[in-house]
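Peer 1: Structure incoming, see below.
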């Protein structure tokens, strides 16, 4: 595992990013299979897609207010 993964997850958690986005991002970054269909949300999907693309700065829209 590289440092980018750990650094990005730490930044997202400290920023208060929605946990669904974080879990999706982690799964996508690691190329894990998606969740079961009934458990997929828009937030999870956005994180998963950003993780697949190894995008480390797309989480700002998902910070909880």
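Numbering (my numbering), first residue to last: 4 to 68. Yeah, the Cβ is synthetic: ideal placement off N, Cα and C, and Gly gets one too.
Starting from residue 61, trace the alpha helix (DSSP H) in both directions and tell me its first and last residue.
Peer 2: Residue 61 -> no alpha helix (DSSP H), and no H or E assigned at all.
Peer 1: Select from 45, 30 and 36 the residue whose C-alpha is nearest the C-alpha of residue 8.
Peer 2: 30
Peer 1: Compare the beta carbon distance of residue 23 and residue 59 with 8 Å and say whether it is the shorter of the two.
Peer 2: no
Peer 1: In or out: residue 20 buried (at least 16 other Cβ within 10 Å) or exposed?
Peer 2: Counting of Cβ neighbours within 10 angstroms places residue 20 among the buried residues, the total reaching 16 or more.
Peer 1: Can you tell me which residues form a DSSP beta bridge with residue 20?
Peer 2: 66
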